[in-house]
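To convert, count from 1 in the sequence shown and add 175; that's the working numbering.
Glycine included, C-beta positions come from ideal geometry on N, C-alpha and C.
Computed from a predicted model, the values in this text were never measured in an experiment.
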Amino acid sequence: MKVNPYEVEGKIDYDRLITDFGIKKITDADLKRIEKLAGETHHFLRRGIFFAHRDLKWCLDEYEKGNQFFIYTGCGPSGPIHLGHLTTWIFTKWLQDKFGAELYFQFTDDEKFLYKDKSYEEIQEWTRENMLDVAAIGFDPKKTHFIIDTKHAGILYPEAIKVAKKITFSTIKAAFGFKDSNNIGSIFYTAMQTVPVFLHNVLHKENKPCLIPLGVDQDPHFRVSRDVVEKLGHKKPAIIHAKFMPPMTGPEGKMSSSNPDTAILTTDDTKTIKSKINKHAFSGGQPTVEEHRKKGGNPDIDVSYQWLRYFEEDDQKLEQIYKDYKSGKLLSGELKAILIEKVTKFLTEHQKRRELAKKNIDKFILKL
Ligand code: TRP
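And the structure:
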């Protein structure tokens, strides 16, 4: 198993990640507390899709004292957006709605230019495209601020050099597995991803806590920067970590837009959604209908079922599907049909909002 911002491979053992990364498991008591403060729970929390945290208790303590946190998350714009990207953002919107929090959303065009074999212009094109998907999530434009690293360099850079001065090359090598052959921009980059942790407080001369919802592969950036920001007189950010939505092709690794068969893209049309799921969604079913009826399927490895944990919000319906599939009453094709309907409905709505975003995207971009 490999999990860092630049490589995710193998079967992910989340309990081991908790130990290796030194993060904390979200407990039932944590869930109850969030539910009390938010006025409701979210199925990503109930189902352990968000499974770990750093300093969440502190962040909620501050909130209860009236010290409102702001939220920070981001997107590396190097290709099309797929369903896996949306996990964090959907949950981020819920947090924004329930806690009334400001959101800083970073588009790391510098990062993707430095790490990917793509031209600057290509990355700019993906930045524009990806911003539409983020806006389509439905964030409150009055409380949401998009930061584009190369565009907002004038406010980011003075802070990034302060961060960079406190990080050595050997720390970066250890955190990301870099070698001497890495380009020097990639070595510096984590300093850019650190700045939004405290940018709000610098811009507004405040001292609010920062809460970062992220895919667990991004944690190493903040493991490095949490110590550094403290040395610069800022608070360490709180973090809430998501598991990876399994790729279409099976339970290992994570979805990738460089291999479109492993993922459903937000721009896929109804026909494509249907044929991708029918052709590629890894099945936990038996090879023949007779065998399936007799032995039943395995929802724990079946990607259609695993994806329904994201898209079917109703716990009772989901449990019924689990039971019916396991008993053999529900066939793989029928399970796929349920998923196709859910995903199609979700993406049809998303695509409408994505179209609308083309006209009002400027409202989201942080004013210089
Ligand atoms: N590096 C992230 C990516 O490649 C993008 C990102 C920037 C991010 N800041 C973040 C993700 C904060 C989560 C939280 O996608």
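TODO: Would you mind reading off the limits of the beta strand (DSSP E) that contains P388?
DONE: Walking along the sequence shown from the start, residue 388 turns up at place 213. Counting along the chain, the unbroken beta strand (DSSP E) around P388 starts and ends at C385 to G390.
TODO: Verify the contact flag: I387, CB atom, against every heavy atom of the ligand TRP, threshold strictly below 7 Å.
DONE: Along the sequence shown, read from residue 1 onward, the residue named residue 387 stands at position 212. Yes, Cβ of I387 sits closer than 7 Å to a heavy atom of the ligand TRP.
Task: Minimum length 4: unbroken alpha helix (DSSP H) runs contained in the stretch 323 to 389 - done: Counting whole runs of 4 or more residues, the stretch 323 to 389 contains the alpha helix (DSSP H) stretches 328 to 339, 344 to 351, 359 to 363, 365 to 369 and 374 to 379.
Task: Other residues of its chain near S400: CB distance less than 7 Å, five sequence neighbours each side excluded - done: The residue you call residue 400 lines up with position 225 of the sequence shown. These residues qualify, in order along the chain: V338, T365, T369 and V372.
Open item on the list: According to DSSP, is N453 part of a helix, a strand, or is it coil?
Closed with: On the sequence shown, position 278 is the one that residue 453 refers to. For N453, the three-state secondary structure derived from DSSP is helix.
Task: Close beta carbons around D394, own chain, < 6 Å, minus the five adjacent residues each side - done: Position 219 of the sequence shown, counted from the start, is the residue given in the question as residue 394. Excluding five sequence positions before and after D394, the CB atoms of its chain that fall closer than 6 Å to its own CB belong to F196, given in chain order.
Task: Span of the alpha helix (DSSP H) around P229 - done: As a working note, residue 229 is residue 54 in the sequence shown. Looking at the sequence provided, one finds Arg at residue 229 rather than Pro. Run containing R229: none in the alpha helix (DSSP H); it sits in the beta strand (DSSP E), F225 to R229.
Open item on the list: My output table needs one value for E277: the three-state DSSP class, helix, strand or coil.
Closed with: The residue labelled residue 277 in the question sits at position 102 within the sequence shown. Coil.
TODO: From the DSSP output, in three-state form, read off K314 for me.
DONE: Taking the first residue of the sequence shown as position 1, residue 314 is located at position 139. The amino acid at residue 314 is misidentified as Lys; the sequence shows Phe. In the structure shown, F314 sits in coil (DSSP, three-state: anything other than H, G, I, E or B).
Task: Per-residue burial, V334 [other beta carbons within 10 Å of its own, 16 or more giving buried] - done: Within the sequence shown, numbered from 1, the residue matching residue 334 stands at position 159. As written in the sequence, residue 334 is Glu, which differs from the Val given in the question. Its Cβ being crowded by 16 or more others within 10 Å, E334 is buried.
Open item on the list: Please classify D490 as buried or exposed, where buried requires at least 16 neighbouring CB atoms within 10 angstroms.
Closed with: For the purposes of this step, residue 490 is taken as the residue at position 315 of the sequence shown. Exposed, because fewer than 16 other Cβ atoms sit within 10 Å of the Cβ of D490.
- [ ] Out of D436, I312, H396 and R229, state which residue places its alpha-carbon closest to the alpha-carbon of G352.
- [x] The residue you call residue 352 lines up with position 177 of the sequence shown. If we check each option's Cα against that of G352, H396 comes out closest.
Task: Counterpart residues of E184 in DSSP-defined beta bridges - done: For the purposes of this step, residue 184 is taken as residue 9 along the sequence shown, with counting starting at 1. Its beta-bridge partners are K177.
TODO: Label Y485 either buried or exposed according to how many other C-beta atoms from any shown protein chain fall within 10 Å of its C-beta, with 16 as the threshold for buried.
DONE: Residue 485 sits at position 310 when you count from the first residue of the sequence shown. When all chains shown are included, Y485 counts as buried.
Task: Reference I360; option with closest CA among K429, K199, G313 and L289 - done: The residue labelled residue 360 in the question sits at position 185 within the sequence shown. First, the amino acid is wrong: residue 360 is Gly here, not Ile. Of K429, K199, G313 and L289, the residue nearest in Cα terms is L289.
Open item on the list: I'd like to check one pair, Q461 with H455: are the Cβ atoms closer than 8 Å?
Closed with: Taking the sequence shown and counting its residues from 1, one reaches residue 455 at position 280. Taking the sequence shown and counting its residues from 1, one reaches residue 461 at position 286. Note that the C-beta distance between H455 and Q461 is not below 8 Å.
- [ ] Taking 8 Å as the threshold, find out whether the stretch 504 to 513 comes into contact with the stretch 419 to 430 through three or more Cβ pairs.
- [x] No: fewer than three Cβ pairs fall under 8 Å.
Task: Length of the line joining the Cα atoms of H291 and G241 - done: Residue mapping note: residue 291 aligns to position 116 of the sequence shown, counting from 1. Residue mapping note: residue 241 aligns to position 66 of the sequence shown, counting from 1. Correcting the residue identity first, residue 291 is Lys in this sequence and not His. Straight-line Cα distance between these residues: approximately 43 Å.
- [ ] Would you list the residues sitting across from C234 in a DSSP beta bridge?
- [x] In the sequence shown, the residue the question calls residue 234 occupies position 59. Among the bridge pairs identified by DSSP, C234 is matched with none.
Task: First through last residue of the alpha helix (DSSP H) which encompasses F245 - done: In the sequence shown, residue 245 corresponds to position 70, counting from 1. DSSP places F245 in no alpha helix (DSSP H) but in the uninterrupted beta strand (DSSP E) bounded by F245 to C250.
Open item on the list: Buried or exposed, going by whether 16 or more other CB atoms sit within 10 Å of the CB of K340?
Closed with: As a first step, residue 340 is located in the sequence shown; it is residue number 165 there, counting from the start. Exposed, because fewer than 16 other Cβ atoms sit within 10 Å of the Cβ of K340.
Task: Chain-order list of residues whose beta-carbon lies under 6 Å from that of E405 (same chain, five-residue window excluded) - done: The residue you call residue 405 lines up with position 230 of the sequence shown. The residues are K411.
TODO: Pair every Cβ in the stretch 254 to 268 with every Cβ in the stretch 219 to 230, then say whether three or more of these pairs are closer than 8 Å.
DONE: Yes, the stretch 254 to 268 touches the stretch 219 to 230.
- [ ] Provide the residue(s) that pair with L440 in DSSP beta bridges, ordered along the chain.
- [x] The residue given as residue 440 occupies position 265 in the sequence shown. For L440, which the question treats as bridged, DSSP gives the partners H257.
TODO: For F419, name the three-state secondary structure that DSSP assigns.
DONE: Working through the sequence shown from its first residue, we reach residue 419 at position 244. Shown here, F419 sits in coil according to DSSP, grouped into three states, outside any helix or strand.
Task: Opening and closing residue of the alpha helix (DSSP H) in which E466 lies - done: Taking the sequence shown and counting its residues from 1, the one referred to as residue 466 is at position 291. Taken as a continuous stretch (DSSP letters only), the alpha helix (DSSP H) holding E466 covers V464 to K470.
Task: Contact check, F245 vs K383, beta carbons under 8 Å - done: By one-based count along the sequence shown, residue 245 stands at place 70. By one-based count along the sequence shown, residue 383 stands at place 208. Against a cut-off of 8 Å, the Cβ pair of K383 and F245 comes out as a contact.
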